[in-house]
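Below you'll find the structure, written out as structure tokens, and then a few comments.
Protein chains: 2
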Amino acid sequence: MEITMKEAASWLASQDDLLILCHRNPDGDTLGSGYGLWHILKAMGKRAAIRCSDPLPKKLQYLAEGYLEEDFEPRAVVSVDIADQQLMGEGLAPWRDRVDLAIDHHPSNTRFAARLLLEGESAATCELICLLADELGVSLTREMATCLYTGMATDTGCFKFNNTTPRTHRLAARLMETGIDYAWINRHHFDTKTRNQLALEQQVISNMEYHFDGAAALIILTENMYQIFGVTEAEMDGVAAIPRKVEGVEVGITIKERGPQEYKISLRSAERVNVSAVCATLGGGGHYFAAGCTLKGPLPEVKARILEAVGKALEEQA
Amino acid sequence: MEITMKEAASWLASQDDLLILCHRNPDGDTLGSGYGLWHILKAMGKRAAIRCSDPLPKKLQYLAEGYLEEDFEPRAVVSVDIADQQLMGEGLAPWRDRVDLAIDHHPSNTRFAARLLLEGESAATCELICLLADELGVSLTREMATCLYTGMATDTGCFKFNNTTPRTHRLAARLMETGIDYAWINRHHFDTKTRNQLALEQQVISNMEYHFDGAAALIILTENMYQIFGVTEAEMDGVAAIPRKVEGVEVGITIKERGPQEYKISLRSAERVNVSAVCATLGGGGHYFAAGCTLKGPLPEVKARILEAVGKALEEQA
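Going line by line, the protein sequences match chains A and B. Numbered per our numbering, the first sequence spans residues 1 to 318. Numbered per our numbering, the second sequence spans residues 319 to 636.
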């Protein structure tokens, strides 16, 4: 059942011993929302805990500063930024069908929760957590703001992408006023690379392939490359943005080896191609400008399949 | 004489036939301010024109959409984002000592104008132009906002750097509400590179030098490199941000050949070094985190001088 911000706030206010669920392969928005909401619930004197199938990525560990794990039997379950039960992962299986409130900004949310607070026009779920704090009468603290700013900045490419709205900026202004070190957060996420990361990025770029008269650019990352350069896949998170940056490229394609004969594909669109639709034809999904899917088989086959799908989409919009 | 926003607005309101001066090697802020102010003055029914020593860079040509050159004898001269008369260049020589109002956000402004509207805490001069529009009772249009957003976004690395303030975000929100294509502006400035630019960038990164145990990283761009890769200096504008992105680097150094035995140095600081002070010892200036200077002599000497100055600064803050 879809509920309003006011209803979500009053339901949260009436609960205690809350479990907050974040999605697997956690990013800045799901964890920023989770830890941000945790601080809000603590400020209200409630017991709460956060669960995620995957460990906290190194890059996001600062979000857990001040977090204290408490031992209690959850009496209410809230998911943040989770569009689909499949994105919960194995670790959250016991709670999969027990979500009392889902807070989300993905229009594709599968309505798995008893209550759903959904705003598809929100740049980030963290925006909704900000507004919930207001509705709950909780003043934003520096700790909350560090979490919430992180989700908003990472989901918008630092206010760069077209999901950014005037409200995103106004909320960012308020979060900054709590005294957060936003410049550090941004440098940490957008402007810091290890020498190894930079070297691997160099390698990947020098092997970049152009297809369809330069309308698509494709890069490949293999397990072997991670090993040679001493870099983890998580550290190469931003790499999928690279091929689309080349002038004339409408679709950027990134192929990442994930296991034996298993590849994760990330597509990025410059303007005219709905890559979510392209990925949907291959069993994946996402947003108009950023989407993904997983393909199995030998690399040359995987490459041929994704190029065929992209080529078709480019032809259709031509 | 330093004047207030109100005084600047009422002086502007009382003038006509205005000449707006932008600094040489024009960037998004000086041109965004110039064209933004031009639209504001036109909305007030005045005659105005823009002058710059250098031609409009290709990347910023969209700012001039709707600009009409009129022929008149200037009766008032306004400079935007110009900290020092030297930054006017040869083309503005006739106006060098005739500036009636300087609008600027550089704390280092040399007070060359009869009136100075200076706010050192402004992320961009474009912020001051926004506030002037308010003070003048001029409603922001899409044309004005495209110019003003460009200056704010380019001077803050898209709201990423620590010069960004809550006010910057709130003004950005208002500019967005005029219907500008902010996502295009951001993609155009931050996420688009030609294949040649990318190739030259690759070359520059692979030659990057590390100094002082990795606390400084240095890159060099020569005229010869521009020729080989078929890229102009203006196109490599963002390159100065690269060395500072490497983990552990406190000061990023970019040396660009400008002519025979003449080099433009750009310094970028991660956190602890005031690079404006470093550049000041070498006859340059700028901001705490981003500054520059020009050094003459053979490249090895120039390199030794800048490294010595940076090394000293790193030692002092250690």
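By construction, the Cβ of each residue, glycine as well, lies at the ideal position given by its N, Cα and C atoms. Fair warning: this is a prediction, and the values are worked out from it, not measured in the lab.
- With fewer than 16 neighbouring CB atoms inside 10 Å of its own CB, Gln61 of chain A falls in the exposed class.
- Taken in chain order, the complete beta strand (DSSP E) segments of 3 or more residues contained in the region 462-510 of chain B number zero; there are none.
- Between the alpha carbons of Glu453 of chain B and Cys370 of chain B lies a distance of about 26 Å.
- Annotation for Cys130 of chain A: Leu148, Leu171 place their beta carbon closer than 6 Å to its own, counting only its chain and skipping 5 residues before and after.
- Interface criterion not met: the Cβ of Ser269 of chain A is under 8 Å from no Cβ in chain B.
- Taking a C-beta distance under 8 Å as the contact criterion, Ser584 of chain B and Ala558 of chain B qualify as a contact pair.
- The beta carbons of Leu339 of chain B and Ser397 of chain B sit closer together than 8 Å.
- A Cβ-Cβ distance of about 11 Å is found for the pair Glu568 of chain B and Val596 of chain B, leaving them out of contact under the 8 Å criterion.
- For Asp213 of chain A, none of the residues of chain B pass the 9 Å Cβ criterion, the least Cβ distance being about 13 Å.
- Annotation: Cβ neighbours of Leu516 of chain B in chain A (cutoff 7 Å, chain order): Ile205, Val246.
- B:Leu374 is the residue among B:Ser426, B:Leu374, B:Leu355 whose C-alpha sits nearest the C-alpha of Glu553 of chain B.
- Restricted to the region 346-411 of chain B, the alpha helix (DSSP H) segments that are unbroken, complete and at least 4 residues in length are 346-361, listed in chain order.
- Taking a Cβ-Cβ cut-off of 8 Å, the neighbours of Phe479 of chain B in chain A comprise Ala183, Asn186, given in sequence order.
- Closer than 8 Å to the CB of Arg170 of chain A there is at least one CB belonging to chain B.
- Taking 8 Å as the CB threshold, Asp155 of chain A stays off the interface with chain B.
- Partner residues in the beta bridge of Glu257 of chain A, as assigned by DSSP, are A:Tyr263.
- The beta carbon of His211 of chain A sits closer than 7 Å to the beta carbons of Leu218, Leu307 from its chain, once the five residues preceding and following it are set aside; these are given in chain order.
- In the same chain as Glu69 of chain A, and ignoring 5 residues on each side of it, the C-beta atoms closer than 7 Å to its own belong to Ala49, in chain order.
- Following the DSSP letters along the chain, one finds Thr612 of chain B inside the beta strand (DSSP E) bounded by residues 608-614.
- Using a Cβ distance threshold of 8 Å, Glu437 of chain B and Leu450 of chain B do not count as a contacting pair.
- Under the three-state reduction of DSSP output, Ala123 of chain A falls in the coil class, being neither helix nor strand.
- Each residue's CA atom was taken as its position, placing Asp531 of chain B and Asp237 of chain A some 27 Å apart.
- Taking Ala608 of chain B as the centre and dropping the five residues before and after it, the same chain places the C-beta of Arg586 closer than 6 Å to its C-beta, in chain order.
- Close to Phe508 of chain B, with beta-carbon spacing below 7 Å, are these residues of chain A in chain order: Lys160.
- Of the other Cβ atoms in all chains shown, 16 or more fall within 10 Å of the Cβ of Met176 of chain A; this residue is therefore buried.
- Here Gly285 of chain A is bridged, per DSSP, to A:Gly292.
- In the three-state reduction of the DSSP assignment, Val310 of chain A falls in the helix class, which pools H, G and I.
- Linking Asp389 of chain B to Tyr182 of chain A through their CA atoms gives a straight-line distance of about 47 Å.
- DSSP, read as helix, strand or coil, puts Gly532 of chain B in helix.
- In this structure the region 473-493 of chain B touches the region 183-190 of chain A; the number of beta carbon pairs closer than 8 Å is three or more.
- The alpha carbon of Ser332 of chain B has as its nearest neighbour, out of B:Leu410, B:Ala394, B:Val522, B:Ala431, the alpha carbon of B:Ala394.
- Residues of the region 102-133 of chain A with a Cβ closer than 7 Å to any Cβ of chain B: none.
- Rounded to the nearest angstrom, the Cβ distance from Asp399 of chain B to His357 of chain B is 16 Å, too far for a contact under 8 Å.
- Judged by DSSP secondary structure, Arg433 of chain B falls within the beta strand (DSSP E) whose first and last residues are 433-436.
- Between Ala401 of chain B and Val417 of chain B, the gap from beta carbon to beta carbon reaches 8 Å or more.
- Residue contact with chain B for Pro26 of chain A: absent (no Cβ-Cβ distance below 8 Å to any residue of chain B).
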